[in-house]
Amino acid sequence: METRLLDGGWYTTEELGKLLGVDPSTVRRWRTARPIQGPPFVQVSERVTMYSAHDVEAWLLSKRVDPRKAA
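With the first letter of the sequence shown counted as 1, position 24 gets the number 122 in the numbering used here; the numbers rise by one all the way through.
Given below as C-alpha coordinates:
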(Lines of atoms letter the chains of each structure in order from A and count residues from 1; the text may use other names and numbers.)
(Lines give C-alpha, C1' and ligand atoms only; values in the text may rest on other atoms or scores of the structure.)
Protein backbone atom coordinates (compact mmCIF):
# COMPACT_ATOMS: atom_id res chain seq x y z
CA MET A 1 0.00 0.00 0.00
CA GLU A 2 1.37 3.39 -0.98
CA THR A 3 1.48 6.10 1.67
CA ARG A 4 0.21 9.45 0.41
CA LEU A 5 1.92 11.90 2.75
CA LEU A 6 0.59 15.04 1.08
CA ASP A 7 -3.02 13.93 1.41
CA GLY A 8 -4.48 14.52 4.83
CA GLY A 9 -2.76 17.11 6.89
CA TRP A 10 0.18 17.70 9.14
CA TYR A 11 0.75 18.48 12.81
CA THR A 12 3.63 20.19 14.51
CA THR A 13 4.92 18.74 17.78
CA GLU A 14 2.89 21.34 19.68
CA GLU A 15 -0.29 20.67 17.69
CA LEU A 16 0.05 16.91 18.13
CA GLY A 17 0.56 17.30 21.87
CA LYS A 18 -2.59 19.42 22.10
CA LEU A 19 -4.55 16.95 19.95
CA LEU A 20 -3.51 14.00 22.12
CA GLY A 21 -3.85 15.88 25.42
CA VAL A 22 -0.17 15.56 26.33
CA ASP A 23 2.56 18.13 26.77
CA PRO A 24 4.68 18.73 23.66
CA SER A 25 7.71 17.61 25.70
CA THR A 26 6.11 14.16 25.87
CA VAL A 27 5.89 14.03 22.07
CA ARG A 28 9.56 15.10 21.86
CA ARG A 29 10.52 12.42 24.39
CA TRP A 30 8.77 9.73 22.30
CA ARG A 31 10.74 10.90 19.29
CA THR A 32 14.13 10.82 21.03
CA ALA A 33 13.59 7.63 23.06
CA ARG A 34 15.55 4.52 22.17
CA PRO A 35 13.80 2.65 20.74
CA ILE A 36 11.78 5.47 19.16
CA GLN A 37 8.17 5.61 20.35
CA GLY A 38 5.12 7.51 19.18
CA PRO A 39 3.84 8.03 15.67
CA PRO A 40 6.11 8.23 12.61
CA PHE A 41 7.46 11.70 11.90
CA VAL A 42 9.26 13.71 9.25
CA GLN A 43 12.28 15.75 10.29
CA VAL A 44 11.81 18.72 7.94
CA SER A 45 14.80 20.57 9.39
CA GLU A 46 16.85 20.60 12.56
CA ARG A 47 14.11 22.57 14.33
CA VAL A 48 10.95 21.43 12.51
CA THR A 49 9.35 18.02 12.94
CA MET A 50 5.99 17.22 11.37
CA TYR A 51 3.51 14.38 11.86
CA SER A 52 1.20 13.18 9.09
CA ALA A 53 -2.45 12.93 10.14
CA HIS A 54 -2.57 9.53 8.40
CA ASP A 55 0.43 8.26 10.40
CA VAL A 56 -0.99 9.57 13.67
CA GLU A 57 -4.32 7.86 13.02
CA ALA A 58 -2.62 4.55 12.12
CA TRP A 59 -0.45 4.78 15.25
CA LEU A 60 -3.48 5.45 17.45
CA LEU A 61 -5.32 2.50 15.90
CA SER A 62 -2.31 0.28 16.64
CA LYS A 63 -2.53 1.30 20.32
CA ARG A 64 -6.28 0.78 20.57
CA VAL A 65 -7.47 -1.85 23.05
CA ASP A 66 -10.93 -3.33 22.63
CA PRO A 67 -12.01 -4.59 26.10
CA ARG A 68 -14.27 -7.21 24.50
CA LYS A 69 -11.29 -8.76 22.71
CA ALA A 70 -8.76 -8.24 25.52
CA ALA A 71 -10.55 -10.54 27.97
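For every residue, glycine included, the Cβ atom is placed at its ideal position computed from N, Cα and C.
From residue 140 to residue 154, what does the alpha carbon distance come to, in whole angstroms?
-> Within the sequence shown, the letter at position 42 stands for residue 140. Within the sequence shown, the letter at position 56 stands for residue 154. Distance between the alpha carbons of residue 140 and residue 154: 12 Å.
CB contact flag (residue 137, residue 108, <8 Å) = Here residue 137 refers to the residue found at position 39 when the sequence shown is read from its first residue. Here residue 108 refers to the residue found at position 10 when the sequence shown is read from its first residue. Going by C-beta atoms, residue 137 is not nearer than 8 Å to residue 108.
Would you give the residue range spanned by the alpha helix (DSSP H) that residue 143 belongs to?
-> Along the sequence shown, read from residue 1 onward, the residue named residue 143 stands at position 45. Neither: residue 143 is in no alpha helix (DSSP H) and is coded neither H nor E.
What do you reckon, are the CB atoms on residue 132 and residue 111 nearer than 8 Å?
-> As a first step, residue 132 is located in the sequence shown; it is residue number 34 there, counting from the start. As a first step, residue 111 is located in the sequence shown; it is residue number 13 there, counting from the start. Their beta carbons are not under 8 Å apart, which means residue 132 does not touch residue 111 by this criterion.
Return the Cβ separation of residue 119 and residue 152 in integer angstroms, given the expectation that the two are a contact with Cβ distance under 8 Å.
-> Sequence index remark: in the sequence shown, residue 119 carries index 21 (1-based). Sequence index remark: in the sequence shown, residue 152 carries index 54 (1-based). Not confirmed; about 20 Å, so no contact.
Inter-residue spacing [alpha-carbon to alpha-carbon] between residue 135 and residue 124 = Walking along the sequence shown from the start, residue 135 turns up at place 37. Walking along the sequence shown from the start, residue 124 turns up at place 26. When rounded, the distance between both Cα atoms is 10 Å.
What's the call for residue 160, buried or exposed, on a 16-neighbour Cβ count within 10 Å?
-> Within the sequence shown, numbered from 1, the residue matching residue 160 stands at position 62. Exposed.
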